[in-house]
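Residue numbers (my numbering): 2 to 225. Ideal placement from N, C-alpha and C gives every residue a C-beta, glycine not left out. Read the structure below first, then the notes.
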């Protein structure tokens, strides 16, 4: 295994840990309902632990970006699926880092007053910027998951990803659909349809898949 592969594996593993910092809500008193609220609401500027979660998101994004850039610079660009996957990972990392710099000012699902101000356009521009950067981040993550899983199977690489990746990607796509439907329900006043649970499953699966890729990179480079 090359030094670059070890570095990429370490960056991805650390990024996955930082990206799941929201699970601390199990032991920390956040005051937010994890089944209903956005993960992003934990990092809102009016939340007591907002700075903590904004910092861990920033760290996670920079680690994912560094891993992807390292992979591309060290020559993992040949097959198109591999290149597309690392580019997706870079977009995911960069957008996650940017996302942490444009936090919500309040928690719209938890706080009806915040939701009313959002609808009236009385919240800072960071709300719109956050929505855009979050969407780009998830889009980049989905590209990375799909493309690198295809690469693992098509090019005989990263045996754990080739074996378990397709199932993780399938569930991730279902979780993403669940989240989108729940968001739409909120927008028309019918939500939240367990939005928080769906989104938490979505981001957890991204972290699990990323940790699986890190594990694969830390082992043999090829499946056979």
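Cα-Cα separation, residue i to residue j
{"i": "residue 8", "j": "residue 192", "result": "43 angstroms"}
{"i": "residue 186", "j": "residue 138", "result": "22 angstroms"}
{"i": "residue 5", "j": "residue 67", "result": "12 angstroms"}
{"i": "residue 156", "j": "residue 36", "result": "39 angstroms"}
{"i": "residue 160", "j": "residue 213", "result": "10 angstroms"}
{"i": "residue 71", "j": "residue 100", "result": "22 angstroms"}
{"i": "residue 128", "j": "residue 199", "result": "21 angstroms"}
{"i": "residue 42", "j": "residue 211", "result": "23 angstroms"}
{"i": "residue 146", "j": "residue 23", "result": "21 angstroms"}
{"i": "residue 215", "j": "residue 123", "result": "43 angstroms"}
{"i": "residue 140", "j": "residue 26", "result": "25 angstroms"}
{"i": "residue 150", "j": "residue 204", "result": "17 angstroms"}
{"i": "residue 82", "j": "residue 162", "result": "14 angstroms"}
{"i": "residue 48", "j": "residue 188", "result": "23 angstroms"}
{"i": "residue 69", "j": "residue 12", "result": "9 angstroms"}
{"i": "residue 32", "j": "residue 50", "result": "10 angstroms"}
{"i": "residue 90", "j": "residue 178", "result": "20 angstroms"}
{"i": "residue 136", "j": "residue 14", "result": "23 angstroms"}
{"i": "residue 153", "j": "residue 88", "result": "16 angstroms"}
{"i": "residue 117", "j": "residue 144", "result": "34 angstroms"}
{"i": "residue 190", "j": "residue 125", "result": "22 angstroms"}
{"i": "residue 148", "j": "residue 113", "result": "40 angstroms"}
{"i": "residue 102", "j": "residue 55", "result": "7 angstroms"}
{"i": "residue 164", "j": "residue 95", "result": "28 angstroms"}
{"i": "residue 53", "j": "residue 46", "result": "11 angstroms"}
{"i": "residue 167", "j": "residue 73", "result": "23 angstroms"}
{"i": "residue 131", "j": "residue 30", "result": "24 angstroms"}
{"i": "residue 222", "j": "residue 34", "result": "For residue 222, the predicted model reports a pLDDT of 47, less than 50, meaning its position is unreliable; a value from the coordinates is still stated below. Cα-Cα distance, rounded: 42 angstroms."}
{"i": "residue 111", "j": "residue 44", "result": "13 angstroms"}
Status (buried if at least 16 other CB within 10 Å, exposed otherwise) for residue i
{"i": "residue 93", "result": "buried"}
{"i": "residue 57", "result": "buried"}
{"i": "residue 158", "result": "buried"}
{"i": "residue 104", "result": "buried"}
{"i": "residue 17", "result": "buried"}
{"i": "residue 28", "result": "exposed"}
{"i": "residue 217", "result": "buried"}
{"i": "residue 183", "result": "buried"}
{"i": "residue 38", "result": "buried"}
{"i": "residue 120", "result": "exposed"}
{"i": "residue 180", "result": "buried"}
Beta-carbon proximity list for residue i, same chain, < 7 angstroms, skipping 5 on both sides
{"i": "residue 19", "result": "57, 60, 61, 64"}
{"i": "residue 115", "result": "107, 108, 109"}
{"i": "residue 172", "result": "206"}
{"i": "residue 279", "result": "Residue 279 cannot be examined here, being either before or after the span of the chain that is shown, 2 to 225."}
{"i": "residue 85", "result": "144, 148"}
Cutoff 6 angstroms; reference residue i; Cβ partners in own chain excluding five residues on either side
{"i": "residue 195", "result": "36"}
{"i": "residue 98", "result": "59, 62, 63"}
{"i": "residue 142", "result": "93, 207"}
{"i": "residue 21", "result": "208"}
{"i": "residue 10", "result": "215, 218, 219"}
{"i": "residue 75", "result": "5"}
{"i": "residue 3", "result": "none"}
Sequence-distant residues of the same chain with beta carbon closer than 8 angstroms to residue i, five excluded per side
{"i": "residue 175", "result": "none"}
{"i": "residue 40", "result": "23, 197, 200, 201, 204"}
{"i": "residue 80", "result": "152, 155, 156"}
Next on the checklist: Extract the residue ranges of the alpha helix (DSSP H) inside the stretch 44 to 79, only unbroken runs of 4 or more that lie entirely within it.
Outcome noted: 51 to 74
Checklist entry - Curious, which full-length beta strand (DSSP E) runs of at least 3 residues does the stretch 130 to 167 contain? => result none
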